[in-house]
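Chains as they are written, first to last, in our numbering: chain A, 354 to 465; chain B, 334 to 443.
What follows is the structure in structure tokens.
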């Protein structure tokens, strides 16, 4: 039981490049979410999903896309990276939106 | 709006009690949480409280909830150096969103 896994651990992008941050969980959790963590800003919710095929926007969704084609995976896509997207990204999952969230180890993204 | 407020920094002497405070906005929140983040790591749930409770105790941790003032606190008794971390308050909303505060960095003085 690996819990929540995220890849890559670290990524450097140039402005305008695209990439996908991967997130997977093996706990059969319905609820998954993406957060970004910036100094002095805490954790801000980007997008979340209450189940396969369902996604919704969080506090800071602009510049990010998500999809939830399976229960296990919840990738986060940056279509055209900007320096303002330099951050640490955390994926989390839980059985429902009300229960304990389990966090992945994070992906550190640097956009030049 | 949806907002969770915390003070950003708290400094406490080893052995004393730490009290971390949080205010939230949504009176319909059902669950309120405290998460801990150690340096370079993800977040781990410390404890949570249902909105119909006033208090929850778990070993050295005591959570107090004042629904009237929308105020949540986390008390850590006998604070140790291993308690040094960032503590996040979070609330869940009816649409299953979970919103976090900015985090309180707890610094332990010898």
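Don't be surprised by glycine CBs; every beta carbon is placed ideally from N, CA and C.
If you measure between the beta carbons of residue i and residue j, is that distance less than 7 Å?
i	j	result
residue 379 of chain B	residue 369 of chain B	yes
residue 450 of chain A	residue 429 of chain B	yes
residue 428 of chain A	residue 359 of chain A	no
residue 375 of chain B	residue 456 of chain A	yes
residue 436 of chain B	residue 411 of chain A	no
residue 443 of chain B	residue 371 of chain B	no
residue 355 of chain A	residue 426 of chain A	no
residue 404 of chain B	residue 356 of chain B	yes
residue 394 of chain B	residue 387 of chain B	no
Let me confirm a value: residue i is counted as buried when at least 16 other C-beta atoms fall within 10 Å, else exposed. Which label applies?
i	result
residue 340 of chain B	exposed
residue 393 of chain A	exposed
residue 351 of chain B	buried
residue 344 of chain B	exposed
residue 423 of chain A	exposed
residue 454 of chain A	buried
residue 362 of chain B	buried
residue 362 of chain A	exposed
residue 434 of chain B	buried
residue 407 of chain B	buried
residue 443 of chain A	buried
residue 427 of chain B	exposed
residue 432 of chain B	buried
residue 383 of chain B	exposed
residue 342 of chain B	exposed
Between the Cα of residue i and those of the options, spot the shortest distance and give me the residue it belongs to.
i	options	result
residue 291 of chain B	B/342, B/338 and B/400	There is simply no residue 291 of chain B to check, as chain B begins at 334 and stops at 443 in what is shown.
residue 367 of chain B	B/442, B/412, B/425 and B/441	B/425
residue 381 of chain B	B/443, B/396, B/392 and B/373	B/396
residue 398 of chain A	A/440, A/377, A/361 and A/364	A/440
residue 463 of chain A	A/456, A/421, A/437 and A/446	A/437
residue 467 of chain A	A/363, A/423, A/402 and A/413	Since the first residue shown for chain A is 354 and the last is 465, residue 467 of chain A is missing from the structure and cannot be characterised.
residue 392 of chain B	B/410, B/427 and B/376	B/410
residue 377 of chain B	A/465, A/357 and A/426	A/357
residue 337 of chain B	B/346, B/354 and B/348	B/354
residue 440 of chain B	B/434, B/419 and B/357	B/419
residue 360 of chain B	B/342, B/422 and B/402	B/402
Residues of chain B with CB closer than 8 Å to the CB of residue i, please, in chain order.
i	result
residue 384 of chain A	429
residue 393 of chain A	341 and 435
residue 451 of chain A	363, 364, 425 and 429
residue 363 of chain A	None at all; the shortest Cβ gap to chain B is about 12 Å.
residue 443 of chain A	375 and 376
Taking residue i as the query, report the chain A residues whose CB atoms sit under 9 Å from its CB, ordered along the chain.
i	result
residue 360 of chain B	Residues of chain A passing the Cβ test: none, with the nearest at roughly 16 Å.
In chain B, what lies closer than 7 Å to residue i by C-beta?
i	result
residue 458 of chain A	375
Using the beta-carbon of each residue, which ones in chain B are nearer than 9 Å to residue i?
i	result
residue 454 of chain A	366, 368, 376, 378, 423 and 431
How about the stretch 431–445 of chain A and the stretch 363–371 of chain A: do they share at least three Cβ pairs that are nearer than 8 Å? Yes: the two stretches touch, three or more of their Cβ pairs being nearer than 8 Å.
Three or more C-beta pairs below 8 Å linking the stretch 373–381 of chain A and the stretch 408–424 of chain B: No contact exists between the stretch 373–381 of chain A and the stretch 408–424 of chain B.
Count the CB pairs spanning the stretch 384–393 of chain A and the stretch 411–423 of chain A that are closer than 8 Å, and state whether there are at least three. Yes, the stretch 384–393 of chain A touches the stretch 411–423 of chain A.
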